[in-house]
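>
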């Protein structure tokens, strides 16, 4: 499918893509670029690519597909670094959890002879880093692409994701950012926040919280094990949509808090029945 | 272990207890009482007990162990109903998720010749009702008992729970209610609330929320499939502890919201790193 595919950023997603591209035979050469020389050494040791260098421009040189797998706050700087090395006809894509900000960052530096197709696979795992990657991570998961219009480049990127087992969906970038704010960004923020609340309790209560976490805490906070830098960038770069959803969530939670304070069982039951029915019917 | 054990309320927990008591041979006779004649017919059909009646006093008559498995808001009325039928030396226990309120409700009606041992198994499942029960539901789960002091009755109840595979822990009732407010009650309230927030979005956004729920929404809202009436009662009867924890959580979430609004990445990262480390180290 490609002569040379370059992956920049070899965390969970990047290293999974390198593995998947190799398993499915999608590139003659798989090159890796990562600013960390330790990560470069690790991916060579894992044998999931043909080359690895901390010189990102060098990694991207002559590639026909470059996949940016760095935190969304680093995308602009990475794009600026690799832009001079991109060959004519090169397709650049990414895996960032925020799309409008990424598009703005990339387009500022993208050479006219290259094409950018914004992408976001809805896949993850509790652990991060190159060792955590898996070739089947995207299997039967959605990958959302948000190109301004369909082009040969966007069709090529869609074909790549389908080849590694993902279901591709095309969506408007603003809509993606709003949908992800509620399906992913808010749940992660809440998970981090509940663990934080638990951590401020006195020591012996905190121990009990962990001990009895099967009561709901463990399930609700599962996502709090995710990569902090990646999530910091997501919140900073999807600010408007996250604040909008946080505002709505705050209002809804305050209404429940008030019903508890007032002993209003009917109001609580109404929300619980509605939520249970939606949860059961849809998931 | 017992000649006659009576289970009042045959939902997920009650029907699991009937199954477990039978599997482990802990009672010669297992009697069931449930105000719903449909539930009584169902448990007889399932063959998990020897008798089932909607006359709760009749079910409890001559039992040496009575286990109350009704929503915590119904415990006082049930206790009042069965009190005249309890034989001398009878042990009454319960499985309610709130302990201080249950103790007050039960002690109001408990005859002097019977003993009450408050209990709470930390076990559950997404589905409710008698069909959802499982004999191994309590296996390797905690069961917290909160008796005012250790007595022969509390040791008998502890032995019962150990016999069906649970790990027993003795705890102060007020402490139980605080620990459970954060490990279980807050996570459930948040789960219901996030689903509620999602349900108020416009229809096509709502569909996308369900479609892309693998991004965190599905995991955080798993507990929103639980029984609404049971949870309504928990919040009404653990009001003080839940409001205290909600207040703390609200402050912590507001601090994160403010950091997002102000673009304060350092503050976000600090909380995320701390929460991730606690989550990973302990769970």
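Residue numbers (my numbering), protein chains in the order written: chain P, 10 to 292; chain D, 10 to 292. Just so you know, even glycine gets a beta-carbon here, dropped at the ideal spot from N, CA and C. Values in this document were obtained by computation on a predicted structure and should not be read as measured data.
Can you give me the C-alpha to C-alpha distance between residue 280 of chain D and residue 271 of chain P, rounded to a whole angstrom?
33 Å
> Report the CB separation of residue 22 of chain D from residue 104 of chain D in whole angstroms; it is logged as a contact under 8 Å.
Their Cβ separation, rounded to whole angstroms, is 5 Å, which keeps residue 22 of chain D and residue 104 of chain D in contact under 8 Å.
> Assuming residue 100 of chain P and residue 74 of chain P are in contact, meaning their beta carbons sit under 8 Å apart, how far apart are those beta carbons, in whole angstroms?
5 Å
> To the nearest angstrom, how far is the alpha carbon of residue 96 of chain P from that of residue 187 of chain P?
Taking the straight line joining both Cα atoms gives about 34 Å.
> Only counting the same chain, and skipping five residues up and downstream in sequence, which positions put a Cβ closer than 8 Å to that of residue 203 of chain D?
226, 229, 230 and 233
> To test your reading of the DSSP string, which unbroken alpha helix (DSSP H) runs of 4 or more residues are found completely within the stretch 198-244 of chain D?
Runs of alpha helix (DSSP H) with 4 or more residues, each lying fully within the stretch 198-244 of chain D, are found at 212-220 and 226-229, listed in chain order.
> Which whole-angstrom value describes the C-beta separation of residue 129 of chain D and residue 153 of chain D, a residue pair presumed to lie in contact below a C-beta threshold of 8 Å?
5 Å
> Quick check for students: name the residue ranges of the alpha helix (DSSP H) that lie wholly in the stretch 79-155 of chain P, counting only runs of 4 or more.
84-91 and 109-116
> Exposed or buried, residue 289 of chain P, counting other C-beta atoms within 10 Å across all chains shown (16 or more means buried)?
exposed
> On the premise that residue 241 of chain D lies in contact with residue 277 of chain P, defined as a C-beta separation below 8 Å, what is that separation, rounded to the nearest angstrom?
That belief holds up - the Cβ atoms of residue 277 of chain P and residue 241 of chain D are roughly 5 Å apart, short of 8 Å.
> Pull up the distance between the alpha-carbon of residue 170 of chain D and that of residue 12 of chain D, whole angstroms please.
Those two C-alpha atoms are separated by around 17 Å.
> Any Cβ of chain D within less than 8 Å of the Cβ of residue 59 of chain P?
no
> How about residue 252 of chain P: is its C-beta nearer than 8 Å to some C-beta of chain D?
yes
> In its own chain, which residues sit with a C-beta less than 7 Å from the C-beta of residue 24 of chain D, not counting the 5 before and 5 after it?
52, 57, 139 and 142
> Excluding five sequence neighbours on each side, which residues of the same chain lie with their C-beta closer than 6 Å to the C-beta of residue 60 of chain D?
40
> Quick one: which residues of the stretch 252-272 of chain D get their C-beta closer than 9 Å to a C-beta of chain P? List them in chain order.
Hits within the stretch, in order: 252, 254, 255, 256, 257, 258, 259, 260, 261, 262, 263, 264, 265, 266, 268, 269, 270 and 272.
> May I have the straight-line CA-CA distance separating residue 46 of chain P from residue 68 of chain P, to the nearest angstrom?
13 Å
> Answer with yes or no whether the minimum CB distance from residue 205 of chain D to chain P is below 8 Å.
yes
> Within the same chain, show all residues whose beta-carbon is closer than 8 Å to that of residue 1 of chain D, passing over the 5 residues directly before and after it, in chain order.
Residue numbering for chain D in the displayed model covers 10 to 292; residue 1 of chain D lies beyond these limits and cannot be assessed.
> Grab me the residues of residue 106 of chain D's own chain with a C-beta within less than 7 Å of its C-beta, minus the 5 sequence neighbours each way, in chain order.
If we look at residue 106 of chain D and ignore the five residues flanking it on each side, its Cβ neighbours are 81, 129, 189, 193 and 243.
> Of all Cβ atoms in chain B, is any one closer than 8 Å to the Cβ of residue 212 of chain P?
Absent from the structure is chain B; the protein chains it does hold are P and D.
> Name the DSSP bridge partner or partners of residue 13 of chain D?
Note: residue 13 of chain D sits in a beta bridge opposite D/38.
> Going by C-alpha to C-alpha distance, which of D/261, D/265 and D/259 sits closest to residue 248 of chain P?
D/265
> Mind pulling the chain P residues with CB within less than 7 Å of residue 241 of chain D?
274, 277, 278 and 281
> For residue 179 of chain D, list the residues DSSP reports as bridge partners.
D/154
> Within 8 Å (strictly less), CB to CB, does residue 151 of chain D reach chain P?
yes
> Where does residue 57 of chain D fall in DSSP's three states?
coil
> Using the beta-carbon of each residue, which ones in chain P are nearer than 7 Å to residue 291 of chain D?
219
> Could you work out which residues of chain D lie near residue 192 of chain P, taking near to mean beta carbons separated by less than 9 Å?
Here the neighbours are 207, 217, 218, 219, 220, 221, 222, 223, 224, 225, 226 and 227.
> Could one say the Cβ of residue 173 of chain D lies closer than 8 Å to chain P's Cβ atoms, at least one of them?
no
> Please list, in chain order, the chain P residues whose beta carbon lies closer than 8 Å to that of residue 196 of chain D.
Under the 8 Å cutoff, chain P gives 203, 224, 225, 226, 228, 229 and 230.
> Check the C-beta distance from residue 108 of chain D over to residue 213 of chain D and give it rounded, since I have them as a contact under 8 Å.
Not quite, the Cβ-Cβ distance comes to about 45 Å (not below 8 Å), so this is no contact.
> If you draw a straight line from the alpha carbon of residue 182 of chain P to that of residue 211 of chain P, how long is it in whole angstroms?
In this structure, the straight-line span from the alpha carbon of residue 182 of chain P to that of residue 211 of chain P is close to 44 Å.
> How would you list, in chain order, the residues of chain P whose beta-carbon sits under 7 Å from the beta-carbon of residue 237 of chain D?
Taking a Cβ-Cβ cut-off of 7 Å, the neighbours of residue 237 of chain D in chain P comprise 278, 281, 282 and 285, given in sequence order.
> Nearest-angstrom Cα distance between residue 222 of chain P and residue 149 of chain D?
13 Å
> Hey, out of P/238, P/131, P/191 and P/26, whose CA is closest to residue 275 of chain D's CA?
For the residues P/238, P/131, P/191 and P/26, the minimum Cα distance to residue 275 of chain D belongs to P/238.
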